[in-house]
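Enquirer: Quick one: the structure is below, questions incoming.
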Amino acid sequence: METLTSRQKKALETREKLLKTSLDLFNKHGYEHVSVEQITKACNVSKGTFYTHFPSKYDVILEKFKELDNFYRTVEKNIDPSLPASEKILLVYQEQMKYLTNIVGKDLLRTVYTAAMTNQVEQDHYLINPQRKIFQIMNTYIEEGIQHGEFRQDVSAATIQTLIQRCMRANVYDWLIHSEDFDLASEMAQFTAIVLNGLKNGK
Numbered sequence: 010m011e012t013l014t015s016r017q018k019k020a021l022e023t024r025e026k027l028l029k030t031s032l033d034l035f036n037k038h039g040y041e042h043v044s045v046e047q048i049t050k051a052c053n054v055s056k057g058t059f060y061t062h063f064p065s066k067y068d069v070i071l072e073k074f075k076e077l078d079n080f081y082r083t084v085e086k087n088i089d090p091s092l093p094a095s096e097k098i099l100l101v102y103q104e105q106m107k108y109l110t111n112i113v114g115k116d117l118l119r120t121v122y123t124a125a126m127t128n129q130v131e132q133d134h135y136l137i138n139p140q141r142k143i144f145q146i147m148n149t150y151i152e153e154g155i156q157h158g159e160f161r162q163d164v165s166a167a168t169i170q171t172l173i174q175r176c177m178r179a180n181v182y183d184w185l186i187h188s189e190d191f192d193l194a195s196e197m198a199q200f201t202a203i204v205l206n207g208l209k210n211g212k
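Mapping of the sequence shown onto the working numbering: residues 10 to 212, in sequence order.
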């Protein structure tokens, strides 16, 4: 493994500082109220330095969110391939909700949802980007469930994907607006199981 030069180390340190400072400011003042200039002033660097590391202030959030997609790769590897598709979906969501609760936290997720709802993002929002690892995993399980006759044949894979994505976003949103007694993992499991039961082949 190559060792980093002092310049590369410095660049990584600067990037981490920009990342941490940006998220702290977003949490404190709200994403829409923080400018790139405020971030760079707080870090004592130029705007050019910021844009060297992040194309936009929203890319700071994406950086943290992409860590979540790396986590899904680990979850997928640990799921028993012989399980029914619906159980695999529930297991992925169970692990996801634990991760959101214990690792990501409400502050960052509020920032992500606020940015999406205030139309601060020019491209398709990352939350609904079909290229995300979570959706690719779910697509695999959905196709599997349809092929094995577990899911209804009269509902397309795309529709099933949309419905189970909404299970995720609806429960996360509810968690963000409820008090601490809202257990995200258990609420998600109950809600998604009911939806999946409605999608199962009735024969």
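Using N, Cα and C, we set each Cβ at its ideal position, and we do this for glycine too.
1) Between which two residues does the alpha helix (DSSP H) holding H7 run?
2) Measuring alpha carbon to alpha carbon, tell me which of L28, E22 and D192 ends up nearest P64.
3) Which word fits E22, buried or exposed, when buried means at least 16 other C-beta atoms lie within 10 angstroms of its C-beta?
4) Can you look up T160 in the DSSP assignment and give me helix, strand or coil?
5) Just tell me which of V45, F74 and Y102 has its CA closest to the CA of A194.
6) Assign M126 to one of two classes, buried (16 or more other C-beta atoms within 10 Å of its C-beta) or exposed (fewer than that).
7) Consult DSSP for K209 and reduce its assignment to one of helix, strand or coil.
8) Around the C-beta of T171, are 16 or more other C-beta atoms found within 10 angstroms, so that it is buried, or is it exposed?
9) When the Cα of A198 is compared with those of T30, V69, I98 and Y67, which residue comes out closest?
10) Give the secondary structure of T201 by DSSP, where H, G and I count as helix, E and B as strand, and everything else as coil.
11) Have a look at N79, K115 and L71 and flag the residue whose alpha-carbon is nearest the alpha-carbon of H187.
12) I believe K209 touches S95 by the beta-carbon criterion, under 8 Å. Please report the beta-carbon distance rounded to the nearest angstrom.
13) Where Y67 and G211 are concerned, what is the direct C-alpha to C-alpha distance, given to the nearest angstrom?
14) Give every residue of the same chain whose Cβ lies closer than 7 Å to the Cβ of K26, excluding the five residues on either side of it in the sequence, and list them in chain order.
15) Are there three or more Cβ pairs, one per stretch, closer than 8 Å when the region 133-151 is compared with the region 70-87?
16) Out of G39, I112 and I173, which has the shortest C-alpha to C-alpha gap to N148?
17) How many Å lie between L32 and H42 at the Cα?
Expert: Quick answer:
1) For residue 7 there is no data in the structure shown, the boundaries of the chain being 10 and 212.
2) Cα-wise, what sits closest to P64 is L28.
3) Burial call: exposed.
4) Before going further, note that residue 160 is Phe rather than Thr in the sequence given. In the structure shown, F160 sits in a strand (DSSP, three-state: E or B).
5) The shortest CA-to-CA distance from A194 to any of V45, F74 and Y102 is the one to Y102.
6) Residue environment for M126: exposed (fewer than 16 other C-beta atoms within 10 angstroms of its C-beta).
7) Strand.
8) The Cβ neighbour count for T171, taken over all protein chains shown within 10 Å, is under 16; the residue is labelled exposed.
9) Measuring from the Cα of A198, the nearest candidate turns out to be I98.
10) Residue state, collapsed to three classes: helix.
11) Nearest C-alpha to H187: K115.
12) Their Cβ separation, rounded to whole angstroms, is 7 Å, which keeps K209 and S95 in contact under 8 Å.
13) In a straight line, the C-alpha of Y67 is about 44 Å away from that of G211.
14) Once the five neighbours on either side are set aside, the close Cβ partners of K26 are C52.
15) These segments touch.
16) Selected option, being the one with the closest Cα: I173.
17) Roughly 12 Å separates the two Cα atoms.
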